[in-house]
Amino acid sequence: MADADGASPSYVLRGHAAAVMAARFASGAAWHDVSSGLPHLLSGSADGDLRIWSLQTCRPLAAAAAHPGSSILAVRSLASSRVLSHGRDRSVHLWDVGEAGIRGPVISLRSNSYNFCQAACSAALATQPLKIDEAGVASDSGGGSAPLLAMPDEDAQLLNVFDVREPRTPVRVFSATPSEQLGKTGMCMCARFCQGDGLLVSGWEDGSLQCFDMRGGGAAAAHPPACRRVHTEPLLSLDMGPKEEHVLTGAADCSLQIVPLVDSAPGAPDASLAIPLTHEHTGMGGIASVCVRPDGKIFAAGGWDKRVRLWQWRKWKPLAVLHQHTATVNAVCFSDDSKCLASASTDCTIALWELFPPKK
-13 MADADGASPS YVLRGHAAAV MAARFASGAA WHDVSSGLPH LLSGSADGDL
37 RIWSLQTCRP LAAAAAHPGS SILAVRSLAS SRVLSHGRDR SVHLWDVGEA
87 GIRGPVISLR SNSYNFCQAA CSAALATQPL KIDEAGVASD SGGGSAPLLA
137 MPDEDAQLLN VFDVREPRTP VRVFSATPSE QLGKTGMCMC ARFCQGDGLL
187 VSGWEDGSLQ CFDMRGGGAA AAHPPACRRV HTEPLLSLDM GPKEEHVLTG
237 AADCSLQIVP LVDSAPGAPD ASLAIPLTHE HTGMGGIASV CVRPDGKIFA
287 AGGWDKRVRL WQWRKWKPLA VLHQHTATVN AVCFSDDSKC LASASTDCTI
337 ALWELFPPKK
(Lines of atoms letter the chains of each structure in order from A and count residues from 1; the text may use other names and numbers.)
(Lines give C-alpha, C1' and ligand atoms only; values in the text may rest on other atoms or scores of the structure.)
Protein backbone atom coordinates (compact mmCIF):
# COMPACT_ATOMS: atom_id res chain seq x y z
CA MET A 1 0.00 0.00 0.00
CA ALA A 2 1.53 3.29 -1.05
CA ASP A 3 1.57 6.14 1.45
CA ALA A 4 -0.55 9.07 0.26
CA ASP A 5 1.77 11.59 1.87
CA GLY A 6 0.52 14.37 -0.40
CA ALA A 7 -3.15 13.81 0.43
CA SER A 8 -4.62 16.38 2.78
CA PRO A 9 -8.11 16.59 4.26
CA SER A 10 -10.48 19.07 2.67
CA TYR A 11 -11.19 20.41 6.17
CA VAL A 12 -10.49 19.57 9.81
CA LEU A 13 -13.30 20.11 12.30
CA ARG A 14 -12.11 21.37 15.69
CA GLY A 15 -14.23 22.15 18.69
CA HIS A 16 -14.47 19.03 20.83
CA ALA A 17 -12.55 19.40 24.09
CA ALA A 18 -11.97 15.66 24.43
CA ALA A 19 -11.22 12.65 22.23
CA VAL A 20 -13.78 12.19 19.44
CA MET A 21 -15.00 8.62 19.90
CA ALA A 22 -17.90 8.44 17.42
CA ALA A 23 -18.78 10.06 14.10
CA ARG A 24 -21.43 9.31 11.52
CA PHE A 25 -23.01 11.15 8.60
CA ALA A 26 -26.73 11.76 9.02
CA SER A 27 -29.06 10.05 6.55
CA GLY A 28 -32.19 11.41 4.90
CA ALA A 29 -33.31 14.57 3.15
CA ALA A 30 -33.90 16.42 6.43
CA TRP A 31 -30.23 16.12 7.38
CA HIS A 32 -28.71 18.34 4.67
CA ASP A 33 -27.89 22.02 4.31
CA VAL A 34 -30.61 23.49 2.13
CA SER A 35 -28.42 25.67 -0.08
CA SER A 36 -25.42 23.37 -0.60
CA GLY A 37 -27.05 19.96 -0.28
CA LEU A 38 -24.14 18.82 1.91
CA PRO A 39 -25.02 16.27 4.61
CA HIS A 40 -24.79 16.94 8.32
CA LEU A 41 -22.27 15.08 10.45
CA LEU A 42 -22.88 13.76 13.97
CA SER A 43 -20.08 13.35 16.49
CA GLY A 44 -19.64 12.33 20.11
CA SER A 45 -16.66 12.73 22.42
CA ALA A 46 -15.13 11.18 25.52
CA ASP A 47 -16.58 13.90 27.77
CA GLY A 48 -20.16 13.19 26.64
CA ASP A 49 -20.47 16.08 24.19
CA LEU A 50 -22.83 15.49 21.23
CA ARG A 51 -22.52 17.72 18.16
CA ILE A 52 -24.25 18.16 14.81
CA TRP A 53 -22.00 19.78 12.18
CA SER A 54 -22.75 21.71 9.01
CA LEU A 55 -20.28 20.80 6.28
CA GLN A 56 -21.21 24.03 4.50
CA THR A 57 -19.90 26.26 7.30
CA CYS A 58 -17.77 23.58 9.02
CA ARG A 59 -19.25 24.70 12.32
CA PRO A 60 -21.61 23.04 14.80
CA LEU A 61 -25.32 23.52 14.14
CA ALA A 62 -26.18 22.22 17.61
CA ALA A 63 -24.49 20.75 20.66
CA ALA A 64 -25.57 19.12 23.91
CA ALA A 65 -24.01 17.53 26.99
CA ALA A 66 -25.67 14.22 26.13
CA HIS A 67 -23.74 11.99 28.55
CA PRO A 68 -21.93 14.33 30.99
CA GLY A 69 -18.63 12.91 32.19
CA SER A 70 -18.99 9.69 30.17
CA SER A 71 -17.71 8.77 26.76
CA ILE A 72 -20.13 8.59 23.84
CA LEU A 73 -19.82 5.28 22.02
CA ALA A 74 -22.25 5.73 19.13
CA VAL A 75 -24.33 8.38 17.36
CA ARG A 76 -27.01 7.82 14.73
CA SER A 77 -29.60 9.93 12.92
CA LEU A 78 -33.19 8.67 13.02
CA ALA A 79 -36.42 9.55 11.26
CA SER A 80 -38.52 12.53 12.41
CA SER A 81 -35.39 14.67 12.99
CA ARG A 82 -34.16 12.63 15.92
CA VAL A 83 -30.69 11.56 17.00
CA LEU A 84 -29.63 8.51 19.02
CA SER A 85 -26.64 8.64 21.36
CA HIS A 86 -25.15 5.75 23.34
CA GLY A 87 -22.80 6.46 26.26
CA ARG A 88 -20.65 4.55 28.70
CA ASP A 89 -22.94 5.83 31.47
CA ARG A 90 -25.10 2.79 30.65
CA SER A 91 -27.68 4.84 28.80
CA VAL A 92 -29.06 5.29 25.29
CA HIS A 93 -30.90 8.54 24.57
CA LEU A 94 -33.16 9.66 21.73
CA TRP A 95 -33.14 13.42 21.11
CA ASP A 96 -35.37 15.77 19.14
CA VAL A 97 -33.49 18.16 16.85
CA GLY A 98 -34.98 21.42 15.58
CA GLU A 99 -34.34 25.12 15.18
CA ALA A 100 -33.96 25.42 18.94
CA GLY A 101 -31.17 22.86 18.92
CA ILE A 102 -31.02 19.44 20.59
CA ARG A 103 -33.91 18.85 22.97
CA GLY A 104 -34.53 15.99 25.35
CA PRO A 105 -33.86 13.21 25.77
CA VAL A 106 -37.35 12.23 24.70
CA ILE A 107 -36.63 8.55 25.39
CA SER A 108 -33.93 6.96 27.55
CA LEU A 109 -33.00 3.29 27.79
CA ARG A 110 -30.61 1.55 30.17
CA SER A 111 -27.90 -0.44 28.41
CA ASN A 112 -26.60 -2.08 31.63
CA SER A 113 -23.13 -2.51 30.11
CA TYR A 114 -19.93 -0.56 30.74
CA ASN A 115 -17.94 -2.11 27.88
CA PHE A 116 -17.12 -0.47 24.54
CA CYS A 117 -19.68 -2.22 22.31
CA GLN A 118 -21.78 0.31 20.40
CA ALA A 119 -25.55 -0.16 20.41
CA ALA A 120 -26.74 -1.63 17.10
CA CYS A 121 -29.70 0.18 15.57
CA SER A 122 -32.13 -1.67 13.30
CA ALA A 123 -33.08 -0.23 9.93
CA ALA A 124 -36.66 0.04 11.16
CA LEU A 125 -35.60 2.22 14.11
CA ALA A 126 -33.48 4.41 11.85
CA THR A 127 -36.06 4.98 9.10
CA GLN A 128 -39.57 4.59 10.55
CA PRO A 129 -41.14 7.57 12.39
CA LEU A 130 -41.94 7.02 16.05
CA LYS A 131 -44.66 8.76 18.02
CA ILE A 132 -43.40 9.71 21.47
CA ASP A 133 -45.78 11.07 24.10
CA GLU A 134 -44.95 13.47 26.94
CA ALA A 135 -44.22 10.54 29.25
CA GLY A 136 -41.51 9.28 26.90
CA VAL A 137 -43.49 6.29 25.67
CA ALA A 138 -42.97 5.41 22.01
CA SER A 139 -45.39 3.89 19.52
CA ASP A 140 -44.99 3.30 15.82
CA SER A 141 -46.91 5.43 13.36
CA GLY A 142 -47.29 3.04 10.49
CA GLY A 143 -47.34 -0.57 11.62
CA GLY A 144 -43.94 -1.40 10.14
CA SER A 145 -41.20 -3.63 11.52
CA ALA A 146 -40.26 -3.42 15.18
CA PRO A 147 -37.79 -0.61 16.05
CA LEU A 148 -34.99 -2.62 17.64
CA LEU A 149 -31.79 -1.85 19.51
CA ALA A 150 -29.15 -4.48 20.36
CA MET A 151 -26.73 -4.05 23.29
CA PRO A 152 -24.67 -6.34 25.56
CA ASP A 153 -25.90 -7.15 29.05
CA GLU A 154 -24.10 -6.08 32.23
CA ASP A 155 -21.07 -8.36 31.87
CA ALA A 156 -21.27 -8.30 28.03
CA GLN A 157 -21.61 -12.09 27.85
CA LEU A 158 -25.11 -11.87 26.34
CA LEU A 159 -26.53 -9.71 23.56
CA ASN A 160 -29.93 -8.21 24.41
CA VAL A 161 -32.35 -6.93 21.78
CA PHE A 162 -34.87 -4.28 22.88
CA ASP A 163 -37.98 -2.89 21.22
CA VAL A 164 -37.83 0.83 22.03
CA ARG A 165 -41.62 0.85 22.38
CA GLU A 166 -41.28 -1.55 25.35
CA PRO A 167 -37.74 -0.91 26.59
CA ARG A 168 -37.81 -2.45 30.06
CA THR A 169 -37.44 -6.08 29.00
CA PRO A 170 -35.46 -7.44 26.03
CA VAL A 171 -37.52 -9.11 23.32
CA ARG A 172 -34.60 -11.41 22.44
CA VAL A 173 -31.54 -12.60 24.35
CA PHE A 174 -28.64 -14.16 22.47
CA SER A 175 -25.63 -15.98 23.85
CA ALA A 176 -22.44 -16.79 21.97
CA THR A 177 -21.58 -20.30 20.87
CA PRO A 178 -20.77 -22.52 23.89
CA SER A 179 -17.16 -22.78 24.99
CA GLU A 180 -16.81 -26.42 23.94
CA GLN A 181 -17.10 -25.36 20.31
CA LEU A 182 -14.88 -22.26 20.13
CA GLY A 183 -13.46 -21.80 23.59
CA LYS A 184 -14.44 -18.93 25.86
CA THR A 185 -15.89 -16.15 23.70
CA GLY A 186 -15.56 -13.35 26.24
CA MET A 187 -17.37 -10.05 25.75
CA CYS A 188 -19.40 -8.85 22.79
CA MET A 189 -17.35 -6.10 21.11
CA CYS A 190 -19.54 -4.99 18.17
CA ALA A 191 -22.87 -5.80 16.49
CA ARG A 192 -24.84 -4.92 13.37
CA PHE A 193 -28.31 -5.66 11.98
CA CYS A 194 -28.49 -6.72 8.32
CA GLN A 195 -30.63 -8.58 5.78
CA GLY A 196 -33.72 -6.51 6.49
CA ASP A 197 -33.14 -6.75 10.24
CA GLY A 198 -33.46 -10.53 9.94
CA LEU A 199 -29.86 -11.20 10.98
CA LEU A 200 -27.78 -9.79 13.83
CA VAL A 201 -24.04 -10.07 13.16
CA SER A 202 -21.67 -9.68 16.11
CA GLY A 203 -17.95 -9.69 16.93
CA TRP A 204 -16.56 -11.14 20.16
CA GLU A 205 -13.52 -10.87 22.38
CA ASP A 206 -12.11 -14.23 21.22
CA GLY A 207 -12.07 -13.03 17.60
CA SER A 208 -15.19 -14.92 16.54
CA LEU A 209 -17.91 -13.67 14.21
CA GLN A 210 -21.34 -14.87 15.32
CA CYS A 211 -24.62 -14.53 13.41
CA PHE A 212 -27.97 -14.61 15.23
CA ASP A 213 -31.21 -15.33 13.36
CA MET A 214 -33.79 -12.69 14.25
CA ARG A 215 -36.61 -14.43 12.40
CA GLY A 216 -37.30 -17.08 15.03
CA GLY A 217 -39.84 -16.54 17.80
CA GLY A 218 -39.40 -16.31 21.55
CA ALA A 219 -37.24 -14.20 23.80
CA ALA A 220 -34.37 -16.69 23.97
CA ALA A 221 -32.51 -17.95 20.91
CA ALA A 222 -33.90 -21.34 19.88
CA HIS A 223 -30.79 -22.35 17.95
CA PRO A 224 -27.08 -21.73 18.53
CA PRO A 225 -25.61 -18.97 16.38
CA ALA A 226 -23.70 -19.64 13.19
CA CYS A 227 -20.12 -18.78 14.05
CA ARG A 228 -16.53 -18.75 12.84
CA ARG A 229 -13.37 -17.61 14.53
CA VAL A 230 -11.82 -15.18 12.05
CA HIS A 231 -9.30 -13.31 14.24
CA THR A 232 -6.78 -14.33 16.89
CA GLU A 233 -7.54 -11.29 19.07
CA PRO A 234 -10.71 -9.29 19.87
CA LEU A 235 -12.91 -8.44 16.88
CA LEU A 236 -13.43 -4.71 17.41
CA SER A 237 -15.42 -3.47 14.41
CA LEU A 238 -17.46 -4.70 11.47
CA ASP A 239 -19.46 -3.46 8.50
CA MET A 240 -21.46 -5.06 5.72
CA GLY A 241 -20.04 -5.39 2.21
CA PRO A 242 -21.91 -4.69 -1.05
CA LYS A 243 -25.36 -6.35 -1.21
CA GLU A 244 -24.68 -7.60 2.35
CA GLU A 245 -22.98 -10.68 0.91
CA HIS A 246 -19.84 -10.21 3.03
CA VAL A 247 -18.86 -8.92 6.45
CA LEU A 248 -15.77 -6.72 6.74
CA THR A 249 -14.11 -7.16 10.14
CA GLY A 250 -11.24 -5.41 11.91
CA ALA A 251 -9.48 -6.59 15.04
CA ALA A 252 -6.71 -6.08 17.56
CA ASP A 253 -4.58 -8.64 15.67
CA CYS A 254 -3.76 -5.95 13.08
CA SER A 255 -5.78 -7.53 10.28
CA LEU A 256 -8.96 -7.17 8.26
CA GLN A 257 -11.02 -10.15 7.11
CA ILE A 258 -13.50 -10.29 4.23
CA VAL A 259 -15.97 -12.95 5.37
CA PRO A 260 -18.73 -14.23 3.05
CA LEU A 261 -22.20 -14.92 4.40
CA VAL A 262 -23.42 -18.29 3.19
CA ASP A 263 -27.03 -19.05 4.16
CA SER A 264 -26.74 -16.39 6.89
CA ALA A 265 -23.62 -18.04 8.30
CA PRO A 266 -19.99 -16.84 8.14
CA GLY A 267 -17.86 -18.79 5.67
CA ALA A 268 -14.09 -19.05 5.35
CA PRO A 269 -12.63 -15.56 4.69
CA ASP A 270 -12.25 -14.65 1.02
CA ALA A 271 -9.35 -12.35 1.90
CA SER A 272 -7.13 -11.48 4.85
CA LEU A 273 -5.44 -8.08 4.84
CA ALA A 274 -2.57 -7.56 7.26
CA ILE A 275 -1.82 -4.10 8.66
CA PRO A 276 1.86 -3.22 9.26
CA LEU A 277 2.92 -2.66 12.85
CA THR A 278 3.45 1.05 12.52
CA HIS A 279 2.58 2.54 15.90
CA GLU A 280 5.62 4.59 16.81
CA HIS A 281 5.49 3.93 20.55
CA THR A 282 3.79 0.59 21.15
CA GLY A 283 4.35 -1.32 17.93
CA MET A 284 0.62 -2.05 17.69
CA GLY A 285 -1.67 -1.53 14.72
CA GLY A 286 -5.11 -2.68 15.84
CA ILE A 287 -8.22 -1.68 13.88
CA ALA A 288 -10.72 0.46 15.79
CA SER A 289 -13.21 1.15 12.97
CA VAL A 290 -14.08 -0.08 9.48
CA CYS A 291 -16.57 1.25 6.93
CA VAL A 292 -17.62 0.23 3.41
CA ARG A 293 -18.52 3.11 1.10
CA PRO A 294 -22.24 3.05 0.17
CA ASP A 295 -21.47 2.55 -3.53
CA GLY A 296 -19.52 -0.60 -2.62
CA LYS A 297 -16.34 0.48 -4.42
CA ILE A 298 -14.03 1.35 -1.52
CA PHE A 299 -13.64 0.58 2.15
CA ALA A 300 -11.74 2.33 4.93
CA ALA A 301 -10.14 1.37 8.23
CA GLY A 302 -8.90 3.53 11.09
CA GLY A 303 -6.71 2.30 13.89
CA TRP A 304 -4.45 2.68 16.84
CA ASP A 305 -1.51 3.73 14.64
CA LYS A 306 -3.16 7.13 13.83
CA ARG A 307 -3.67 6.25 10.17
CA VAL A 308 -6.64 5.86 7.84
CA ARG A 309 -6.27 3.21 5.14
CA LEU A 310 -8.30 2.77 1.96
CA TRP A 311 -8.78 -0.28 -0.25
CA GLN A 312 -10.66 -1.06 -3.44
CA TRP A 313 -13.40 -3.60 -2.74
CA ARG A 314 -13.49 -5.59 -5.97
CA LYS A 315 -9.91 -6.88 -5.83
CA TRP A 316 -9.11 -5.74 -2.27
CA LYS A 317 -6.38 -3.55 -3.75
CA PRO A 318 -4.72 -1.09 -1.33
CA LEU A 319 -5.24 2.51 -2.42
CA ALA A 320 -3.84 4.89 0.19
CA VAL A 321 -2.60 5.54 3.71
CA LEU A 322 -3.76 8.90 5.07
CA HIS A 323 -1.66 10.76 7.63
CA GLN A 324 -3.43 13.53 9.48
CA HIS A 325 -4.22 12.52 13.03
CA THR A 326 -1.79 12.54 15.93
CA ALA A 327 -3.60 9.90 17.99
CA THR A 328 -5.81 6.82 17.54
CA VAL A 329 -8.43 6.98 14.79
CA ASN A 330 -11.62 5.90 16.61
CA ALA A 331 -14.15 6.15 13.77
CA VAL A 332 -14.28 6.26 9.98
CA CYS A 333 -17.49 6.81 8.00
CA PHE A 334 -18.64 7.68 4.47
CA SER A 335 -21.46 10.00 3.46
CA ASP A 336 -24.51 8.45 1.80
CA ASP A 337 -23.52 9.87 -1.60
CA SER A 338 -20.03 8.30 -1.26
CA LYS A 339 -18.36 11.66 -1.85
CA CYS A 340 -16.93 12.33 1.61
CA LEU A 341 -15.01 10.35 4.23
CA ALA A 342 -14.78 11.47 7.85
CA SER A 343 -12.20 10.24 10.35
CA ALA A 344 -12.51 10.99 14.08
CA SER A 345 -9.60 10.78 16.48
CA THR A 346 -8.43 10.89 20.06
CA ASP A 347 -6.61 14.08 19.03
CA CYS A 348 -10.02 15.85 19.41
CA THR A 349 -10.44 16.49 15.66
CA ILE A 350 -12.50 15.16 12.73
CA ALA A 351 -10.86 15.17 9.31
CA LEU A 352 -12.98 15.39 6.15
CA TRP A 353 -11.58 13.78 3.00
CA GLU A 354 -12.67 13.89 -0.64
CA LEU A 355 -10.72 11.12 -2.35
CA PHE A 356 -11.49 8.70 -5.19
CA PRO A 357 -14.84 10.34 -6.02
CA PRO A 358 -17.59 8.01 -7.24
CA LYS A 359 -18.24 7.89 -10.95
CA LYS A 360 -21.43 9.64 -12.05
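For what it's worth, the numbering used here labels the leading residue of the sequence shown as -13, then goes sequentially. By construction, the Cβ of each residue, glycine as well, lies at the ideal position given by its N, Cα and C atoms.
Query                                                                                                                                                 : Result
Would you mind reading off the limits of the beta strand (DSSP E) that contains Val64?                                                                : The displayed chain sequence assigns Leu, not Val, to residue 64. Its beta strand (DSSP E) spans residues 58 to 64.
In angstroms with no decimal places, state the Cα-to-Cα distance between Lys170 and Asp192.                                                           : 7 Å
Where does Ala(-12) fall in DSSP's three states?                                                                                                      : Bear in mind that the predicted position of Ala(-12) carries a pLDDT of just 45, short of 50, making it too unreliable to give a figure here.
Can the beta-carbon of Leu308 be found closer than 9 Å to that of Pro(-5)?                                                                            : yes
Using the C-alpha atoms, what's the distance from Leu296 back to Lys346?                                                                              : 20 Å
When burial is assigned at 16 or more other CB atoms within 10 Å of the CB, is Thr218 buried or exposed?                                              : exposed
List, from N- to C-terminal side, the alpha helix (DSSP H) runs of 4 residues or more that fit wholly inside the region 114 to 179.                   : 165 to 168
With Val150 and Ile93 assumed to form a contact (beta carbons below 8 Å), what rounded beta-carbon distance in angstroms separates them?              : 6 Å
Which of helix, strand or coil does DSSP assign to Pro280?                                                                                            : coil
When the Cα of Pro91 is compared with those of His79, Phe102, Ser99, which residue comes out closest?                                                 : His79
Name the two residues that bound the continuous beta strand (DSSP E) containing Pro46.                                                                : 45 to 51
Between the Cα of Gly189 and those of Val248, Ala287, Pro252, Val159, spot the shortest distance and give me the residue it belongs to.               : Pro252
Just grab the DSSP bridge partners of Asp82 for me.                                                                                                   : Arg68, Arg89
Measure from the alpha carbon of Ala12 to the alpha carbon of each residue in Ser77, Ser331, Cys326, then state which is nearest.                     : Cys326
Tell me, to the nearest whole angstrom, how far the beta carbon of Leu74 is from that of Arg10; I am working on the premise that it is less than 8 Å. : Checking the sequence, you will find Arg at residue 74 rather than Leu. That pair is no contact at about 17 Å.
In whole angstroms, what is the alpha-carbon distance linking Ala124 and Pro133?                                                                      : 10 Å
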